[in-house]
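K.L.:
After the C-alpha cells below, expect a handful of questions from me.
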Amino acid sequence: MSDSSSHRPLTGSSRSSASKDTVYTIGMALTIVSCVFFLLSFLSSLAGLVRDAPPPTSASFAGSRYYGRCNPYMKPGYVSHDPYPVWKPYDSTCQSTPILPHLLSLLPGAKVGPVAALRAQNTPKQAEDEVIRTVKNRTILLVGDAVDRAMVRNLCAMVGETPVAVDASHPWGASLKQVSAYTGKSANNVVLADYCFIPQYSTLVTSFYHYGADTDELWRAQPSYFPPGSFESRLKSLLQPYLSSMSSSPAYNGVQASSSQPDLVVFSSGLWDLAAWAMEDDSEHLDATGDLSDKRLEWWRSRMVDMLVELRKVIGSSAPIAWRSTHMSMSTAKDTVESFIASTSAAEPVAPTGTGHQFAHPHRIAQLNEARKSFLPLLGRDSVRGKLSKTIWSQSNEPYLRDMPFGEVTLGLPLQQDSLLTPGLESYAFLFWSMVFFELHDSVI
Numbered sequence: 008m009s010d011s012s013s014h015r016p017l018t019g020s021s022r023s024s025a026s027k028d029t030v031y032t033i034g035m036a037l038t039i040v041s042c043v044f045f046l047l048s049f050l051s052s053l054a055g056l057v058r059d060a061p062p063p064t065s066a067s068f069a070g071s072r073y074y075g076r077c078n079p080y081m082k083p084g085y086v087s088h089d090p091y092p093v094w095k096p097y098d099s100t101c102q103s104t105p106i107l108p109h110l111l112s113l114l115p116g117a118k119v120g121p122v123a124a125l126r127a128q129n130t131p132k133q134a135e136d137e138v139i140r141t142v143k144n145r146t147i148l149l150v151g152d153a154v155d156r157a158m159v160r161n162l163c164a165m166v167g168e169t170p171v172a173v174d175a176s177h178p179w180g181a182s183l184k185q186v187s188a189y190t191g192k193s194a195n196n197v198v199l200a201d202y203c204f205i206p207q208y209s210t211l212v213t214s215f216y217h218y219g220a221d222t223d224e225l226w227r228a229q230p231s232y233f234p235p236g237s238f239e240s241r242l243k244s245l246l247q248p249y250l251s252s253m254s255s256s257p258a259y260n261g262v263q264a265s266s267s268q269p270d271l272v273v274f275s276s277g278l279w280d281l282a283a284w285a286m287e288d289d290s291e292h293l294d295a296t297g298d299l300s301d302k303r304l305e306w307w308r309s310r311m312v313d314m315l316v317e318l319r320k321v322i323g324s325s326a327p328i329a330w331r332s333t334h335m336s337m338s339t340a341k342d343t344v345e346s347f348i349a350s351t352s353a354a355e356p357v358a359p360t361g362t363g364h365q366f367a368h369p370h371r372i373a374q375l376n377e378a379r380k381s382f383l384p385l386l387g388r389d390s391v392r393g394k395l396s397k398t399i400w401s402q403s404n405e406p407y408l409r410d411m412p413f414g415e416v417t418l419g420l421p422l423q424q425d426s427l428l429t430p431g432l433e434s435y436a437f438l439f440w441s442m443v444f445f446e447l448h449d450s451v452i
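Numbering (our numbering), first residue to last: 8 to 452.
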C-alpha cells in the first residue's frame with residue numbers, strides 16, 4: 008500500500024485551484040462585457056427607431072390627428088347641409104368643431120340677411136367660451152391668390168363687417184411706396200393685401216398675394232404686375248414690412264394686430280403656376296389641357312420646398328402652416344388667365360367673360376393637389392430638394408405643416424358664381440373658414 012502522501016486530493020493542489028479561479032474570473036468578466044455590449048446595441052437600435060420615426064402629434068402628417076386630436080377633414084366623409092354646410096366624417100368619434108356657426112351666432116352683424124341661416128341656433132356657454140379662446144386676439148394670414156382674397160371678403164360678409172384693401176395710401180401699405188421708389192413701378196391702384204377685422208374679439212384675418220413659383224418674372228409685362236415677382240423677394244420686401252406695420256403702427260380705425268407673428272398661416276400656390284404653363288403651352292402651340300410633364304411637376308415640388316422654407320423664416324418658428332389644396336371648377340366656369348390677373352389687383356371682383364387663355368383644368372389641378380399631398384409626408388424613397396435653397400425636404404424641416412384638403416372636401420360642389428376665383432359664400436367660403444377655424448382651434452386650445 009502506497010503512502011497516502013503520494014495521492015492527489017480531490018480538490019486538487021492549491022496551484023490548480025488558483026488557475027481555476029482565474030479562469031472563472033475571466034469567464035465572468037467576458038459574460039458581463041457581452042451583456043453590456045448587447046444592452047448598448049439594443050438601446051442604440053431603439054434610439055435609431057425613435058430618430059427615424061415621424062415626429063409625434065403635430066408632425067404626424069399622414070394620420071388624421073394633430074396635437075392628439077382627430078382631424079375630421081382628413082377622414083372619409085361627405086358634405087351635409089343641416090342647415091349650414093358641414094363635413095361629416097363616417098367616423099362618429101371624429102366630428103367637425105363648430106367654431107364658425109357658433110361665432111356667427113354671437114355676432115350681431117351675422118343675424119340678418121342670407122348669412123343668418125349659417126348661424127348656430129343654440130350656443131351654450133361652453134361653446135361660447137371655446138369660441139372666445141379660439142379667436143380672441145388672433146391673427147390669421149392667408150398667403151395665396153385671388154381665391155384667398157375672395158374668402159376674406161366672404162368672411163366679412165358672414166360676420167357683418169366691411170373688408171379693407173391695403174394700398175399705398177393705407178398706413179400698413181408703406182412697403183408699396185418703398186418698392187415703387189426702388190423699381191420705378193407706380194404703386195397706384197396696387198393692392199398689397201385685404202383684411203377683415205372682427206372688433207368684438209379683436210380678430211384680424213388678412214390675405215397676401217404672390218405670383219406662384221415663378222423665378223423668371225414671367226408677369227412683368229402685364230399692366231397690373233407689381234414687383235418683385237419671385238415669392239422669396241415678395242416676402243422680404245412686402246410681406247415682412249406689412250406684418251410689422253400691422254402690430255407696431257398706431258391702430259388704424261381701431262384695428263391692430265396683437266403680434267407681427269400670425270397665429271395661423273394658410274398657404275397655397277397653384278393657380279399662378281397653372282396660368283404660367285397655359286401661356287407657355289399656347290406660345291408653343293401645345294394642348295393646355297394635357298398632362299403636366301414629370302419635369303414640370305418635379306420643378307414645382309422643388310420650388311415648394313424653397314417657398315415653404317422662406318415663409319417659415321418670415322412668420323416665425325411656431326405658427327402652424329395649413330397648406331390649402333386647390334378646388335376645381337365645374338365645366339361651365341369661364342376663368343381665363345386674363346381674368347385671373349385682373350382679379351388679383353382690381354378693387355372689386357372681376358367677372359370672367361371666357362375670353363382668353365383657359366388654364367384651370369381639373370386634370371391639371373388634380374395633378375398639383377397630388378404633388379402637394381406628396382409632402383405630407385414624404386413616403387418610401389421619395390426625396391425632393393429645393394430648386395434655389397438646395398434644402399433637402401424632410402418632415403423635420405417643417406413640423407407644423409398641416410394638410411388643408413379644401414379641394415378634396417369641396418370636390419363636386421356646384422359653384423354659386425361662374426368663377427373659380429369667387430366660388431361663393433355658401434358652401435365654399437363657409438367650408439373654407441370652417442377648416443381654417445378648426446386649424447386655429449387645434450393649434451391654440
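For each residue, glycine too, the CB sits at the ideal point set by N, CA and C.
1. Quick one: Cα of TRP440 to Cα of VAL212, how far?
2. In the structure shown, what three-state DSSP assignment does GLY4 receive?
3. Can you check DSSP and say which residues form a bridge with PRO327?
4. Please look up how many angstroms separate the CB atoms of ASP201 and ALA172, rounded, as I've assumed it's under 8 Å.
5. What residues are listed by DSSP as bridge partners for HIS88?
6. Here's a check: name, in chain order, each residue in its chain whose Cβ is nearer than 8 Å to the Cβ of VAL30, leaving out the five neighbours to either side.
7. Name the residue from ALA124, ARG308, GLY84 and LYS380 whose alpha carbon lies nearest to the alpha carbon of ALA329.
8. Mind checking whether PHE437 and PRO92 have CB atoms under 7 Å apart?
9. Along the chain, where does the alpha helix (DSSP H) containing LEU245 start, and where does it finish?
10. Taking the continuous beta strand (DSSP E) assigned at VAL6, which residues delimit it?
11. Give the range of the beta strand (DSSP E) segment to which SER214 is assigned.
12. Using the beta-carbon count (16 or more within 10 Å), is ILE372 buried or exposed?
13. Fully enclosed by the region 164-200, which alpha helix (DSSP H) runs are 4 residues long or longer?
14. Does PHE444 pass the burial test, meaning 16 or more other C-beta atoms within 10 Å, or should it be called exposed?
15. If you draw a straight line from the C-alpha of GLY167 to the C-alpha of LEU432, how long is it?
16. By the three-class DSSP mapping on this structure, what secondary structure does THR155 have?
17. Let's test the definition: count the other Cβ atoms within 10 Å of the Cβ of LEU293 and tell me whether it reaches 16, buried, or not, exposed.
18. Given GLY84, which residues of its chain have a CB within under 7 Å of its CB, disregarding the five upstream and five downstream residues?
19. Which of helix, strand or coil does DSSP assign to VAL321?
20. Below 6 Å CB to CB, which residues in the same chain sit around LEU278 once its five sequence neighbours on both sides are set aside?
21. Expressed to the nearest angstrom, what Euclidean distance is found between the alpha-carbon atoms of ILE452 and SER325?
22. Please specify which runs of the alpha helix (DSSP H), each continuous and at least 4 residues long, are wholly inside the region 362-420, giving them in chain order.
23. Name the two residues that bound the continuous alpha helix (DSSP H) containing PHE445.
24. Do the region 307-319 and the region 265-278 meet, that is, are 3 or more Cβ pairs less than 8 Å apart?
25. Are the CB atoms of PRO327 and SER450 within a distance shorter than 7 Å?
26. Can you round the beta-carbon distance between LEU110 and VAL150 to whole angstroms, since I take them to be within the 8 Å contact cut?
27. Is the Cβ-Cβ distance between GLU446 and ARG409 less than 7 Å?
28. For CYS101, write down the residues that DSSP places opposite it in a beta bridge.
29. From the DSSP secondary-structure annotation, give me the bridge partner or partners of VAL273.
30. Return yes when the Cβ of PHE413 is within less than 7 Å of the Cβ of SER332, no when it is not.
31. Go ahead and pull the three-state DSSP assignment for PHE233.
32. With a CB to CB cut of under 7 Å and the five nearest residues on each side skipped, what residues in its chain are close to GLU224?
33. Drop a sphere of 10 angstroms on the beta-carbon of TYR189, count the other beta-carbons inside from all chains shown, and report buried for 16 or more, exposed for fewer.
34. Considering only residues of the same chain and omitting the five flanking positions on each side of LEU420, which have a CB-CB separation below 6 Å?
35. Among all the DSSP beta bridges, which residues are the ones paired with PHE204?
36. Beta-carbon within less than 6 Å of ASP288's beta-carbon, same chain only, minus the 5 sequence neighbours each way: which residues are those?
P.N.:
To lay it out plainly:
1. So the alpha carbons of these two residues sit roughly 11 Å apart.
2. Limits of the chain in this structure are 8 at one end and 452 at the other, which puts residue 4 out of reach.
3. According to DSSP, which records beta bridges pairwise, PRO327 is partnered with nothing at all.
4. At roughly 5 Å, the Cβ-Cβ gap stays under 8 Å, so ASP201 and ALA172 are in contact.
5. Beta-bridge pairing links HIS88 to PRO92.
6. At VAL30, the pLDDT of 47 sits below 50, so the modelled position is not reliable; the number obtained from the coordinates is stated separately. Same-chain partners within the cutoff: there are none.
7. When only C-alpha atoms are compared, the closest one is LYS380.
8. Yes, the pair counts as a contact, with Cβ atoms nearer than the cut-off.
9. Membership of LEU245 in any alpha helix (DSSP H) is not indicated, and neither H nor E is assigned to it by DSSP.
10. Outside the shown range of the chain, which is 8 to 452, sits residue 6, and nothing can be said about it.
11. Run containing SER214: 210-216, per the beta strand (DSSP E) assignment.
12. Under this definition ILE372 is a buried residue.
13. The alpha helix (DSSP H) runs lying completely inside the region 164-200 and spanning 4 residues or more are 181-190, given in chain order.
14. Under this definition PHE444 is a buried residue.
15. Note on geometry: alpha-carbon atoms of GLY167 and LEU432 lie some 13 Å from one another.
16. Just to set this straight, residue 155 is Asp in the shown sequence, not Thr. Helix, per DSSP.
17. Exposed, because fewer than 16 other Cβ atoms sit within 10 Å of the Cβ of LEU293.
18. Once the five neighbours on either side are set aside, the close Cβ partners of GLY84 are TRP94, LYS95, PRO96 and TYR97.
19. Look at VAL321 here: in three-state DSSP terms it is helix.
20. So the list reads ASP152, once near-sequence residues are dropped.
21. Approximately 14 Å between the Cα atoms of the pair.
22. Secondary structure within the region 362-420: the alpha helix (DSSP H) runs of 4 or more consecutive residues, fully enclosed, are 369-380 and 413-416 (chain order).
23. Annotation: the continuous alpha helix (DSSP H) that includes PHE445 extends over 437-451.
24. Output reads yes: the region 265-278 touches the region 307-319.
25. With contacts defined by Cβ atoms closer than 7 Å, SER450 and PRO327 form a contacting pair.
26. At roughly 23 Å, the Cβ-Cβ gap does not stay under 8 Å, so LEU110 and VAL150 are not in contact.
27. A contact, by the Cβ cut-off of 7 Å.
28. The partner list for CYS101 (beta bridge, DSSP) is empty, contrary to what the question assumes.
29. DSSP lists LEU149 and ALA329 as the bridge partner or partners of VAL273.
30. Contact annotation: SER332 and PHE413 have beta-carbon atoms nearer than 7 Å.
31. It is coil, neither helix nor strand.
32. Same-chain partners within the cutoff: GLY236.
33. The residue is exposed, with fewer than 16 neighbouring Cβ atoms inside 10 Å.
34. In its chain, beyond the 5 residues on either side, SER434 have a beta carbon closer than 6 Å to the beta carbon of LEU420.
35. In DSSP, PHE204 forms a bridge with LEU211.
36. Excluding positions up to five away in sequence, the list reads ALA295.
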